[in-house]
Each structure stands twice: as C-alpha cells, then as structure tokens.
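Engineer: Have a look at this one before I ask anything.
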Ligand SMILES: Nc1ncnc2c1ncn2[C@@H]1O[C@H](COP(=O)(O)OP(=O)(O)O)[C@@H](O)[C@H]1O
Ligand SMILES: [Mg+2]
C-alpha cells in the first residue's frame, strides 16, 4: 500500500520543522505515540505520516474517534462481536484491533474516553490480548498504537479525568504539534497550498491572495488552526469573484492579476452565476459530508466542529438531504 497523496505536511516555520524532526524519529520506532496539539493542528495527518513513514506502512491505518463512541459500544467496536451475543447482533463483526493487525490503530480524542473505556483500553494494551464480545475465546493482535488528544493528558491526571497508568502506556513517545499562530510564515504557505488543491478539485483557475487579506490572515489567531484556515480558504475561494482571494466575499481589492491566472476558460462567462451556485452547492455538500464523517454522524458535534449554530447546521443538512432523523444521529 503506498501512502495516500494527502499526507503532505506543508510548512516552513521553525516550529513546524521541529515537529517534523520529532515525527521522523517517532516514525522510525514501533512504540506507542501520543500526539498532542490543539484542534485542527494536524494530529490525524501527523498520525498518518507516522504510519506511512514507518515499517508498518504496508499494513492498514485504522482510525477510531473515541470522542464519538458511547461506552456501550467501545468493546464491540474494538474487539468485535460474535453472532448472537446481543439480540441485535445478527452477524459476527470483526473489531478494529483485528482490522488493524500488522498496521496502526489510531485512537483520536483519547482525552474523551470515559473511566470505563479507559480500563477496557488499558487491559488490551497490556499484552494486546482481547476477547470478542459474546465469546470466551481470547485472541491476540499486533497493532502499533498512535493516540491523539486535544488537551495535554498530563493535566487531566490530577483531576482524575485520565488514568495515570493508561497515560504511561500511550505516552512512550510524544509528538507535540504547535498551534498555527506559533508557526510564522506557514499561514501563507498553507493558504496557497489549499488554493491549489481547491482549484484542481473544482477545475477552476488559481487565485492570488489580496495583500490586505494576507496581512489580516497573518494577524488572525486561527483558534481552529489549519482546519479553520483550510475551511476558510475553501469558502473564500468559491465566494470571491475574479482572480483574487479576499476576506470579503465578493470585493475585488485591486487590479486583476495576470490574465492567465484570473480568467476562466473561454465561453465560461455566460454560465458563471450558475457555475458558481453549483460550486457552492458542491462545497456545502462536500463540507457537510466531511464534517459529519469526522464527527462519526453526531450532528451536534459536527455543528460544533463547523462552528455553526446547531439549528442552522440542521437546516443545511436538510437542504442537502443529509438529515437522517437528527435525533438518532445525536
Ligand atoms: N501541515 C499541514 N499541511 C497541510 N494540511 C494540513 C496540515 N496540517 C493539517 N492539515 C489539514 O488540516 C485539516 C485538519 O487536520 P487534522 O489532522 O484533522 O487536525 P487535528 O486531528 O489535529 O484536529 C485536515 O484537512 C488536514 O489535511
Ligand atoms: Mg482530529
């Protein structure tokens, strides 16, 4: 299996370089790693880079979002279910630890694990033996563990929110990702990188970043880090007319850039409004699907991740036919 092309960690700041050096070292080992960093700072991307940069790269990379997993499902998700164990278990299902055998199990948002789930995980991590739900049979797997947390786990231990023994199991190695505001120069690079990606994705010409927008972007704190920047660029890329990306939806701040960068294919003009509406529709749908996937179907969580009010977010889902019985989705 070759590494997916989306594992490209863009950045040139000192803080980014420091993290990359640490990442390479961590990838060379098979010990458990704890990746810490604010939301959107690139923890999942770094986890993939560790997996695809190490000797398990030919094996699977299996992510699990612990924050979206209710206590009642943790064992069946991790260890699988044998048919008939519950009234509703009509089929046997392999668990994630078996699926990740020979590869990496990525436990995202471990800081959200309940006390019960922490015990379950700790028991498994001791020797990687486990019992599928509904059996008395012990099975063994072989996974590398990468865990990620949005807040320093160390600080949760004295407050009895995280078990110290589990922390030590997870944190043999650590990788700390700096927030975007501490990565000088990276905002420019990342924004251009994302513009290139969206231009390719939508088959539209690239845009240049307006000078005062660039100044604004450099001074803004980006509390949602790279994810917030990516989503912002995505939206502005689609909403700004002409060849400039600005922080107002449609303003053109200066002269049009070079014609080859600013003008679409010949004959595109008459259909422009329709093309734009279609691009926005595609963006919204694509965005909603992605954020729902990241939130594992939990609408409240997805709304929070999108920084949107819950009801407005629900309306958007309805508009795109993605609101499958909101109550069931959370
Ligand atoms: N250094 C980077 N270069 C390019 N894209 C990045 C980088 N860091 C993060 N991203 C992108 O930003 C988004 C958020 O990253 P993610 O790894 O999901 O963050 P986290 O897990 O810390 O919340 C993803 O779409 C990811 O591809
Ligand atoms: Mg994440």
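Residue numbers (the working numbering): 165 to 494. The beta carbon of each residue, even a glycine, is placed where N, CA and C say it ideally should be.
#1: What number of angstroms, rounded off, separates the C-alpha of residue 488 from the C-alpha of residue 231?
#2: With a CB to CB cut of under 7 Å and the five nearest residues on each side skipped, what residues in its chain are close to residue 260?
#3: Give every residue of the same chain whose Cβ lies closer than 8 Å to the Cβ of residue 181, excluding the five residues on either side of it in the sequence, and list them in chain order.
#4: Helix, strand or coil for residue 453? Go by DSSP, reduced to three states.
#5: Please go through the same chain and pick out, in chain order, the residues whose beta-carbon is closer than 7 Å to the beta-carbon of residue 238, but skip the five residues on each side of it.
#6: With distances taken between CB atoms, is the gap from residue 199 to residue 341 smaller than 8 Å?
#7: For ligand 2, which residues have a Cβ under 6 Å from at least one heavy atom, in chain order?
#8: Residue 408 to residue 378, Cα distance in whole Å?
#9: My understanding is that residue 466 touches residue 339, with C-beta atoms under 8 Å, so please give their C-beta distance in whole angstroms.
#10: Is residue 204 near ligand 1, with its Cβ less than 7 Å from a heavy atom?
#11: Across the segment 190–206 and the segment 358–373, are there enough close Cβ pairs to call them in contact, namely three or more that are closer than 8 Å?
#12: Considering only the beta carbon of each residue, do residue 456 and residue 486 sit closer than 8 Å?
#13: Going straight from the alpha carbon of residue 189 to that of residue 173, what length do you get?
#14: Is the beta carbon of residue 291 sitting closer than 8 Å to the one on residue 266?
#15: Leaving out five residues on either side along the sequence, give the residues of the same chain with a beta carbon under 6 Å from the beta carbon of residue 335.
#16: How many Å lie between residue 332 and residue 193 at the Cα?
Structural biologist: Reading off the structure:
#1: Note on geometry: alpha-carbon atoms of residue 488 and residue 231 lie some 21 Å from one another.
#2: If the five residues before and after residue 260 are omitted, its C-beta is found closer than 7 Å to the C-beta atoms of 226, 228, 241, 242, 269, all from its own chain and listed in chain order.
#3: Sequence-distant partners of residue 181 (beyond 5 residues in either direction) whose C-beta falls short of 8 Å from its own C-beta, in its chain, are 175.
#4: If DSSP states are grouped into helix, strand and coil, residue 453 belongs with the helices.
#5: Correct list, in chain order: 281, 284.
#6: In terms of Cβ geometry, residue 199 and residue 341 form a close pair [threshold 8 Å].
#7: Taking each Cβ in turn, the ones that pass are 207, 208, 272.
#8: Put simply, the backbone Cα of residue 408 is about 11 Å away from that of residue 378.
#9: Taking 8 Å as the upper bound for CB-CB distance, residue 466 and residue 339 are not in contact here, some 27 Å apart.
#10: Correct: residue 204 has its Cβ closer than 7 Å to ligand 1.
#11: As far as the Cβ criterion goes, the segment 190–206 does not touch the segment 358–373, which means the pair count is below three.
#12: Yes; because the gap between Cβ atoms is below 8 Å, this pair is in contact.
#13: Roughly 16 Å between the two C-alpha positions.
#14: No, these two residues do not count as a Cβ contact at 8 Å.
#15: Within its own chain, the residues whose Cβ lies closer than 6 Å to the Cβ of residue 335, once the five positions on either side in sequence are excluded, are 198, listed in chain order.
#16: Taking the straight line joining both Cα atoms gives about 17 Å.
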